[in-house]
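Visitor: My questions will all concern the structure given below.
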Amino acid sequence: ESSSKPESNKQEQPEESKPEEAPQPSQKPEENKQEKPAENQQQTKPVEKPKEVQYMDSMTQQLWSEYNSYRQSLGLNPLKWSGKYAEWTRKHAEEMAKKNTGSYHKSYPEGGQVVGNNSSKNLNASKILQQFKNSPKHNQNITEADLTEGACAVYKSSDGDYYFTIGFDY
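Position one of the sequence shown corresponds to residue 24 (my numbering), numbered consecutively onward.
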């Protein structure tokens, strides 16, 4: 008997209650193109906010004082503070702190530089200078006899890391 076949139930179901079929790529190519940017937007990572950083003025002054004392203990002349290097070292240390780049050397005015970073929460000027003294290449740079002027800068990021630069000239 044909009235008991399942096909008769399908015919009685109204068309509006049928679930819509997903469009196939070959059926609606324009819609697929429009969906791609939405997918890309979902995959895009949110822009990270730059770190909050703080210039450590008293630590910078202390580092400069201890650096010159160290030079004098070796029989070398203390360096004069340079406005040119003060601006450059401050910008460089701030950039390292904001970008969380760690220590890297960058183009600088004439002369040389030593840079560093440290995640120790209880860092002070003496410990920064000790890091440079413990590195043979950095120590050689900061104790060159012909140096005449320079500057330094120390920044602290919101996560507690310190970033520091000493720049110098002949």
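From the three backbone atoms N, C-alpha and C, an ideal C-beta is built for every residue, glycine too. Being a predicted model, the structure only gives us computed values, none of them experimental.
To the nearest angstrom, report how far apart Asp80 and Leu146 are at their CA atoms.
Guide: In the sequence shown, counting from the first residue as 1, residue 80 sits at position 57. In the sequence shown, counting from the first residue as 1, residue 146 sits at position 123. Going from the Cα of Asp80 to the Cα of Leu146 covers about 14 Å.
Visitor: Grab the span of the beta strand (DSSP E) containing Ala176 for me, first residue to last.
Guide: Here the question's residue 176 lines up with position 153 in the sequence shown. Element bounds for Ala176: Glu172 to Ser180.
Visitor: Once DSSP output is grouped into helix, strand and coil, what is the label at Asn164?
Guide: Reading the sequence shown from its first residue, position 141 is the one you call residue 164. Looking at Asn164 - three-state DSSP - the assignment turns out to be helix.
Visitor: Quick check on the burial criterion: 16 or more other C-beta atoms within 10 angstroms. Buried or exposed for Asp169?
Guide: Indexing the sequence shown from 1 puts residue 169 at position 146. By the 10 Å Cβ count, Asp169 comes out exposed.
Visitor: Give a yes or no on whether the C-beta atoms belonging to Lys188 and Ala116 are separated by under 8 Å.
Guide: Reading the sequence shown from its first residue, position 165 is the one you call residue 188. Reading the sequence shown from its first residue, position 93 is the one you call residue 116. The question names Lys, yet the displayed sequence has Thr at residue 188. Contact flag set, yes.
Visitor: Do three or more CB pairs link the stretch 151-159 to the stretch 108-123 at distances below 8 Å?
Guide: They do not touch, by the three-pair rule.
Visitor: Could you give the DSSP three-state label for Lys107: helix, strand or coil?
Guide: In the sequence shown, the residue the question calls residue 107 occupies position 84. Residue state, collapsed to three classes: helix.
Visitor: Out of Tyr193, Asn141 and Ser158, which has the shortest C-alpha to C-alpha gap to Lys179?
Guide: Here the question's residue 179 lines up with position 156 in the sequence shown. Checking every option, the nearest Cα to that of Lys179 belongs to Asn141.
Visitor: Kindly indicate which residue of Leu97, Gly183 and Tyr90 has the alpha-carbon position closest to the one of Lys103.
Guide: As a first step, residue 103 is located in the sequence shown; it is residue number 80 there, counting from the start. Of the listed residues, the one whose Cα sits closest to Lys103 is Tyr90.
Visitor: Looking only at C-alpha atoms, which of His161, Ser149, Tyr185 and Pro101 sits nearest to Leu86?
Guide: Along the sequence shown, read from residue 1 onward, the residue named residue 86 stands at position 63. If we check each option's Cα against that of Leu86, Ser149 comes out closest.
Visitor: Just to confirm my understanding: we take Glu75, look at its own chain, exclude 5 residues before and 5 after, and list those with CB closer than 8 Å. What are they?
Guide: Stepping through the sequence shown from its first residue, residue 75 is reached at position 52. The residues are Ser180 and Ser181.
Visitor: Report all residues from its chain with a CB closer than 8 Å to the CB of Asp184; omit the five preceding and five following residues, and keep chain order.
Guide: Taking the first residue of the sequence shown as 1, we reach residue 184 at position 161. The answer, listed in chain order, is Ala120, Asn123, Asn140, Asn141 and Ser142.
Visitor: State yes or no: is the C-beta of Tyr93 within less than 8 Å of the C-beta of Ala174?
Guide: Reading the sequence shown from its first residue, position 70 is the one you call residue 93. Reading the sequence shown from its first residue, position 151 is the one you call residue 174. Going by C-beta atoms, Tyr93 is not nearer than 8 Å to Ala174.
Visitor: I need the straight-line Cα distance from Asn162 to Lys144, nearest angstrom please.
Guide: To locate residue 162, count along the sequence shown from 1; it is residue 139. To locate residue 144, count along the sequence shown from 1; it is residue 121. Rounded to whole angstroms, Asn162 to Lys144 spans 24 Å at the Cα level.
Visitor: Is Tyr193 helix, strand or coil when you go by DSSP?
Guide: By one-based count along the sequence shown, residue 193 stands at place 170. In this structure, Tyr193 counts as coil in the three-state DSSP scheme.
Visitor: What number of angstroms, rounded off, separates the C-alpha of Tyr186 from the C-alpha of Val138?
Guide: Here residue 186 is taken as the residue at index 163 of the sequence shown, counted from 1. Here residue 138 is taken as the residue at index 115 of the sequence shown, counted from 1. Rounded to whole angstroms, Tyr186 to Val138 spans 8 Å at the Cα level.
Visitor: Hey, is Ile151 close to the ligand MG, as in C-beta under 7 Å from one of its heavy atoms?
Guide: The ligand MG is not part of the structure shown, which contains no ligands of any sort.
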